Amino acid sequence: MKRCPTGHATHPQWRMAAALALAQLRAHMALPGYADTPNLGLLYITDHYASEAQGILDFFSAELPTVTDWSGMVGIGVCASGAEYFDEPALSVMLLELPVDQYRVFSGVAPLPRTGHSGFTARTALVHADGRTPDLPGLIAEIAERTDSGAVFGGLVASRGRSVQFAVSSSGTVAGQGAASGVFDGGLSGVAWGAELGLVSRVTQGCQPVGPRYQITAAQDNVVLALDDEPALDVLLRTLGVSLQADPHQAVEKVRGILAGLMDMPNSHSMPTVQHPGHLGAEVRVRHIVGLDGTRRGIALADHVHPGMGLQFCQRSPAAARADLVRICAEVREELTPDMLEVAPAHTVPSPVLPKHITGAIYVSCSGRGGSHFGAPGAELQWVRHALGDVPLVGVFAGGEIAGHHLYGYTAVLTVLTAPEIDED
Numbered sequence: 001m002k003r004c005p006t007g008h009a010t011h012p013q014w015r016m017a018a019a020l021a022l023a024q025l026r027a028h029m030a031l032p033g034y035a036d037t038p039n040l041g042l043l044y045i046t047d048h049y050a051s052e053a054q055g056i057l058d059f060f061s062a063e064l065p066t067v068t069d070w071s072g073m074v075g076i077g078v079c080a081s082g083a084e085y086f087d088e089p090a091l092s093v094m095l096l097e098l099p100v101d102q103y104r105v106f107s108g109v110a111p112l113p114r115t116g117h118s119g120f121t122a123r124t125a126l127v128h129a130d131g132r133t134p135d136l137p138g139l140i141a142e143i144a145e146r147t148d149s150g151a152v153f154g155g156l157v158a159s160r161g162r163s164v165q166f167a168v169s170s171s172g173t174v175a176g177q178g179a180a181s182g183v184f185d186g187g188l189s190g191v192a193w194g195a196e197l198g199l200v201s202r203v204t205q206g207c208q209p210v211g212p213r214y215q216i217t218a219a220q221d222n223v224v225l226a227l228d229d230e231p232a233l234d235v236l237l238r239t240l241g242v243s244l245q246a247d248p249h250q251a252v253e254k255v256r257g258i259l260a261g262l263m264d265m266p267n268s269h270s271m272p273t274v275q276h277p278g279h280l281g282a283e284v285r286v287r288h289i290v291g292l293d294g295t296r297r298g299i300a301l302a303d304h305v306h307p308g309m310g311l312q313f314c315q316r317s318p319a320a321a322r323a324d325l326v327r328i329c330a331e332v333r334e335e336l337t338p339d340m341l342e343v344a345p346a347h348t349v350p351s352p353v354l355p356k357h358i359t360g361a362i363y364v365s366c367s368g369r370g371g372s373h374f375g376a377p378g379a380e381l382q383w384v385r386h387a388l389g390d391v392p393l394v395g396v397f398a399g400g401e402i403a404g405h406h407l408y409g410y411t412a413v414l415t416v417l418t419a420p421e422i423d424e425d
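For the sequence shown, position 197 matches number 197 in UniProt numbering, and the numbering has no gaps at all.
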């Protein structure tokens, strides 16, 4: 797989931004090692351009005729390698040159087929979704089930205007659906990736644990009633060191800054170990505390809960988010650079193992992490570039993040596309 051309720009007029991005794309396409006949485009725009989504897609489609498939969505911000455009009119584009049997753009009019029901088998998928879609968690899980890995990645549309997604498939649409414009409102869309493509994906959390992990031992709907067989509200207040009776104002203020991290437990008798002390693992899904039930001494969360789940209180922390982001970037580097010598019998000459290089990267971050959350605009993307190098990158600040088969909040999902290094010898 060749290196992916990228282009990004900001301008009050979308045509100017698109022209600037197109010039960057064409400059990259002319460089050795970059894709010169790309067939797939990833397009992300900020909500300042949401009303002009069709015009933007038509512009790039006309100027880049070899690109027959498009996917993307609108966000509060977009990003590129080392650059962040948050809450301003901007767009970011990446082009990929892939074998046609190694990807498939899907949408409501071109659904992702189940494994074995077509000539294409998905290993994983980049998913864009509208958060207002009914039973969205179930739909995301269903998409994940249609992949060999059982895991997907992506994000939710974030917009103060139209909640648009881009999805143009050269494979066609469902019979009877008519011509599709490529711009959709609602539902799910994205790109499924074949098994031969190299991808490495990691989730980084933006919160810091507060107190130990507990097990939910009693619950009803979205209300946690007991943690480790104690009233959940009592456990929360004790963890924070406050009292509703002694100082209700202080107690309420502290609770407002606390979130709940939920996790599915493999069995009810063993809690998962924390691999990285001070950080939440990728298995944790952060949810808001939406109310306190004084009568039942419970805690209401913005998600359904059930006995047997794990719970850990946490709070947003730029310092913890930065440390965790650096950690996952290091993990990606380590995975792409194995030991240079394979283990071989003593009487044989070891065969070199060529490291992989990054041909492109996709970064979906929570809109709550953008702007000055990390101390300065663009700091988050600067850290990624410092860790991975100046690799081609495209991304968006979303209304929620998708990883595995779950929805997340206050997280970022980094996915890199890889190819073996070429042995010049």
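The beta-carbon is built from N, C-alpha and C at its ideal position, and this holds for glycine as well. Just so you know, these numbers come straight off a predicted model, no measurement behind them.
Please confirm whether Val203 and Gly404 have their CB atoms less than 9 Å apart.
yes
State yes or no: is the C-beta of Phe153 within less than 9 Å of the C-beta of Leu126?
yes
C-alpha gap between Ile358 and Gly108, whole angstroms
31 Å
Distance, Cα to Cα, Arg114 vs Arg132?
24 Å
Sufficient close CB pairs (3 or more, under 8 Å) joining the region 148 to 163 to the region 85 to 105:
no
Got a sec? Which residues, its chain only, sit under 6 Å from Asp47 by beta carbon, not counting five neighbours each side?
Val74, Ser159, Arg160, Gly161
Beta-bridge pairing of Asp293 - partner residues as DSSP gives them
Gly298
Residues that Ile358 bridges to, as DSSP identifies them
Thr418
Paired residues, beta bridge with Ala167 - DSSP
Ser71
Taking only the alpha-carbon atoms, compute the straight-line gap between Gly72 and Trp383 and give it to the nearest angstrom.
24 Å
By the three-class DSSP mapping on this structure, what secondary structure does Tyr410 have?
coil
beta-carbon Ala282 near the ligand HEM non-hydrogen atom, thresh 8 Å
In terms of ligand content, the structure shown is empty, and the ligand HEM therefore cannot be addressed.
Taking DSSP as the reference, what is the three-state secondary structure of residue 466?
With the chain covering 1 to 425 only, the question about residue 466 has no answer from this structure.
Could you tell me which residues DSSP pairs with Gly155 in its beta bridges?
His128, Glu401
Could you tell me the alpha carbon to alpha carbon distance between Leu136 and Pro111, rounded to whole angstroms?
15 Å
Could you name the residues that DSSP lists as bridge partners for Met263?
Gly310
Anyone know if the C-beta pair for Gly308 and Glu84 falls short of 9 Å?
no
Do the CB positions of Leu43 and Leu197 come within less than 9 Å of each other?
no
Where Arg256 falls, given that 16 or more other Cβ within 10 Å makes a residue buried:
exposed
If you follow the alpha helix (DSSP H) that Gln382 is in, where does it begin and where does it stop?
379 to 388
Hey, how far is the Cα of Gly294 from the Cα of Asp234?
10 Å
In the structure shown, what three-state DSSP assignment does Ile258 receive?
coil
Can you tell which of Leu388, Gly399, Ser317 has its C-alpha closest to the C-alpha of Thr337?
Leu388
Just how far apart, CA to CA, sit Pro248 and Ile258?
16 Å
Sort Val305, Arg238, Gln208, His11 by Cα distance to Ala319 and report the nearest one.
Gln208
For Asp69, is the classification buried or exposed, using 16 other Cβ atoms within 10 angstroms of its Cβ as the cut-off for buried?
buried
Coarse secondary structure for Ala218, derived from DSSP in three states
strand
Which residues does DSSP list as the beta-bridge partners of Pro231?
Ala226
Determine the direct distance from the alpha carbon of Gln312 to that of Ser189, and round the result to whole angstroms.
32 Å
Looking at C-alpha atoms only, which residue of Ala251, Gly281, Gln245, Glu253 is the closest neighbour of Leu262?
Gly281
Proximity below 9 Å, CB of Gly378 to CB of Gly155
no
With distances taken from CA atoms, which of Pro5, Tyr34, Ala219, Leu31 is nearest Gly41?
Pro5
For Ile45, the first and last residue of its enclosing alpha helix (DSSP H):
Counting along the chain, Ile45 falls outside any alpha helix (DSSP H), though it belongs to the beta strand (DSSP E) covering 40 to 46.
May I ask you to report which of helix, strand or coil DSSP gives Ala18?
helix
Spatial distance of Tyr214 from Thr239 (CA atoms):
11 Å
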